[in-house]
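Peer 1: Please find one structure pasted underneath; my questions will follow.
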Amino acid sequence: MSHHSTSKRYNKRSDLDADFTCKERHGKNGYVKKENYYGFRCHLIVDAHYELPIAWEVTPASKGEQTVAKKMISHLSEKVLDRAQYLMADRGYSGEPLQHLLEDADILPIIDAPHRWKEEETRQYLDTDIVYNQSGQVFWVDDQCEEIELLYKGYDKSCDSLRYGFHPQYQDDRIFRLKRSFEPIIFNKVGRASQKFKRQYKKRTSVERVNGRLDRDFRFENHTIRGLKKMRLAISMSFLVMIGFALAKLKTGNQAHLASWVV
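Residue numbers (the numbering used here): 23 to 285.
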């Protein structure tokens with residue numbers, strides 16, 4: 023829903039409802055590529071299993087992702103909040119306010135954390151022999167200053183801590199509890215280095231597939247819609263068509279591939 027551009031020309035053809043935003047794309051070794059976009063932004067919450075839209079908001083491109091996400095989540099129905107277990111999002115949504123909002127609703131955030139340190143850097147956890155990195159890996163430092171990666175053993179609700187222990191090959195049954203309050207973003211309720219986190223995070227691609235259908239099937243990739251009201255109407259009608267197709271399948275008893283256009 024964004025037009026890639028480097029300058030804005032105010033003339034009779036300009037869309038005065040739209041504006042600019044800067045998108046950062048993070049690569050390896052701290053590389054950051056910045057791209058400017060002019061247009062609108064569609065903020066979207068998708069059911070990761072059925073690949074269908076749950077909620078959406080169309081704004082000028084400059085509206086922050088976290089700000090709108092908090093508003094959208096706050097407005098979700100009790101039924102949706104009760105059924106939701108996880109929320110997957112990229113690092114643009116990383117932040118304690120959104121994290122607290124999700125956890126207060128008993129939704130586990132699976133959100134990538136921005137890498138702000140040097141890639142190989144580790145930091146000490148309190149006054150212990152434990153260190154961790156920004157990817158959520160936790161290590162025990164032995165007497166020879168060798169780092170031994172610990173295994174994530176789960177979340178301890180009683181003390182809001184993450185439990186870590188040694189791999190069975192070390193024959194060491196000690197369990198270490200790391201307080202989440204020490205580094206709330208890195209010490210996510212679901213350990214970032216765990217297979218569970220990685221498995222859930224992969225489901226984020228469901229949003230990309232819905233966006234792909236919007237661009238390809240509804241031709242928003244190269245559109246001529248002008249004005250925020252018209253854009254909101256066009257986006258809403260497109261999503262309602264997606265939901266309508268899914269509902270038609272459910273009424274015939276077909277619960278498979280609800281996002282597919284094939285009836």
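C-beta: ideal position from N, C-alpha, C; glycine also.
Only a predicted model underlies this, so the values are computations on that prediction, with no experimental measurement involved.
#1: If we call anything under 8 Å between Cβ atoms a contact, is Met253 one with Phe42?
#2: Going straight from the alpha carbon of Cys44 to that of Tyr192, what length do you get?
#3: For the beta strand (DSSP E) containing Asp165, list its first residue and its last residue.
#4: Assign Ala278 to one of three DSSP states: helix, strand, or coil.
#5: Restricting to Cα atoms, I'd like to know which of Arg196, Val163 and Arg202 is closest to Ser180.
#6: Taking all protein chains shown into account, decide if Asn244 is buried (16 or more other Cβ within 10 angstroms of its Cβ) or exposed.
#7: In the DSSP assignment, find the alpha helix (DSSP H) that holds Arg214 and state where it starts and stops.
#8: Measuring CB atoms only, is the segment 109 to 121 touching the segment 91 to 101, in the sense that at least three cross pairs come out at less than 8 Å?
#9: For Ile170 and Asp164, I'd like the C-alpha separation in whole angstroms.
#10: Counting pairs of Cβ atoms below 8 Å between the segment 126 to 140 and the segment 206 to 219, do you hit three or more?
#11: Determine the DSSP secondary structure at Pro131, reduced to helix, strand or coil.
#12: Provide the residue span of the alpha helix (DSSP H) that contains Ser183, from first to last.
#13: When the distance is taken between beta carbons, is Leu172 closer than 8 Å to Val160?
#14: Give me the Cα-Cα distance between Ala270 and Ala278, rounded to the nearest whole angstrom.
Peer 2: The relevant details are as follows:
#1: No. Outside cutoff.
#2: Each residue's alpha carbon lies about 48 Å from the other.
#3: Premise fails: Asp165 is in no beta strand (DSSP E) and is neither H nor E.
#4: In the structure shown, Ala278 sits in coil (DSSP, three-state: anything other than H, G, I, E or B).
#5: Distances from the alpha-carbon of Ser180 to those of Arg196, Val163 and Arg202 put Arg202 closest.
#6: Around the beta carbon of Asn244, fewer than 16 other beta carbons lie within 10 angstroms, which makes this residue exposed.
#7: First-last for Arg214: undefined, no H or E at that position.
#8: Because the criterion of three Cβ pairs below 8 Å is met, the segment 109 to 121 and the segment 91 to 101 touch.
#9: Rounded to the nearest whole angstrom, the C-alpha separation of Ile170 and Asp164 is 7 Å.
#10: Counting Cβ pairs under 8 Å, three or more are found: they touch.
#11: DSSP, read as helix, strand or coil, puts Pro131 in strand.
#12: No alpha helix (DSSP H) holds Ser183; the beta strand (DSSP E) holding it covers Ser183 to Gly187.
#13: Yes. Within cutoff.
#14: Taking the straight line from one Cα to the other gives about 12 Å.
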